[in-house]
Amino acid sequence: WIYGYKLLSLAIIFGLLITIHFLVKTYFEQLNRSEQWFLTSLFVAFYFSLLPHLSGGIYWMAGSLTHAVPTILVGLSIALLNSKGDSYLLDYFVQPLMTFFIVGSNETIMFIWMVLLFLINSYIIHKNKKVDPFFASLFIVGAVGSLIVIFAPGNIVRGSSNLHKSHRLFYA
């Protein structure tokens, strides 16, 4: 369909906008509506300005599906962490499923997400002296998904040919 790429690009831009606004609204409740939208616009502009190639991150289907969509999922997942405990379905089905999709999207986002989950779990264990089942389940699902990605035959072949090339991990 001729308009598919354009619609996908619009859906990604709209998804990023809504996700970032959801994050801002969740974690900056004290701001009024216009300040929240201003902050959202600032974060969206910041996101687009940091993309190495705007057309590659939004219009190129492979780029948008492996980077922009997982970024949307990470944002939604972080925003939904604020409502932990409100819904069993959200906590033990939706969040683990989103974690599985996040770690399966690309190695950079997988690494960053797993480090974040590790730090959250470490902090909770240090503070409460016990494991939080919700965050532990997210970490376990993420670890299993990460192992699938790491040991997938295609990644092993691709990785063996790129061993000596530099990869800017935090540029993504």
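So for the sequence shown, the working numbering puts the first residue at 1069; every next one is plus one. Note that CB positions come from ideal geometry on N, CA and C, so glycine has one too.
So, for residue i: in the same chain, excluding its five sequence neighbours on each side, which residues have a beta-carbon less than 8 angstroms away from its beta-carbon?
i, result
"T1134", "S1173, N1174"
"L1122", "F1116"
"V1199", "N1189, I1192, I1193"
"E1097", "none"
Whose C-alpha, out of the options, is nearest the C-alpha of residue i?
i, options, result
"L1150", "P1138, T1139, Q1163, I1140", "Checking the sequence shown, residue 1150 turns out to be Asn, not Leu. Closest by alpha carbon: Q1163."
"I1088", "L1075, G1072, L1110", "L1110"
"F1169", "N1196, L1076, V1137", "V1137"
"A1130", "E1097, S1117, I1188, L1076", "L1076"
"W1181", "L1158, G1125, I1146", "I1146"
"S1132", "K1074, S1214, A1211, V1217", "K1074"
"P1201", "K1152, Q1098, S1214", "K1152"
"W1128", "F1207, G1072, I1218, S1190", "G1072"
"I1081", "A1113, I1192, A1220", "A1113"
"T1176", "V1142, S1155, L1107, L1091", "V1142"
"W1105", "L1119, L1118, F1090", "F1090"
"G1210", "F1219, T1167, Q1098", "T1167"
"I1086", "L1099, G1124, P1120, L1144", "L1144"
"V1217", "I1126, Y1191, F1179, Y1095", "F1179"
"V1183", "I1208, Y1156, S1155", "I1208"
Excluding five sequence neighbours on each side, which residues of the same chain lie with their C-beta closer than 6 angstroms to the C-beta of residue i?
i, result
"G1083", "I1140"
"L1094", "Here residue 1094 is Thr; the residue named in the question, Leu, does not match the sequence. Closer than 6 angstroms at the Cβ level, and outside the excluded window around T1094, lie A1147, N1150."
"V1092", "Q1104, L1107, T1108"
Looking only at its own chain, which residues have a Cβ that is under 7 angstroms from the Cβ of residue i, when we skip the five neighbours before and after it?
i, result
"A1079", "none"
"G1222", "none"
"I1188", "F1203"
"G1124", "G1131"
What is the C-beta distance between residue i and residue j, in whole angstroms, given that I count them as a contact (C-beta under 8 angstroms)?
i, j, result
"S1270", "V1171", "Since the first and last residues shown for the chain are 1069 and 1240, residue 1270 lies out of range."
"L1165", "L1158", "With a Cβ gap of about 10 angstroms, L1165 and L1158 do not count as contacting."
"L1185", "F1203", "7 angstroms"
"L1277", "L1107", "Any property of residue 1277 remains undetermined from this structure, which presents the chain solely from 1069 to 1240."
Hey, which unbroken runs of the alpha helix (DSSP H) at 4 residues or more fall wholly within the region 1171-1209?
1175-1196
Complete runs of the alpha helix (DSSP H) confined to the region 1095-1127 [at least 4 residues]:
1101-1118, 1122-1126
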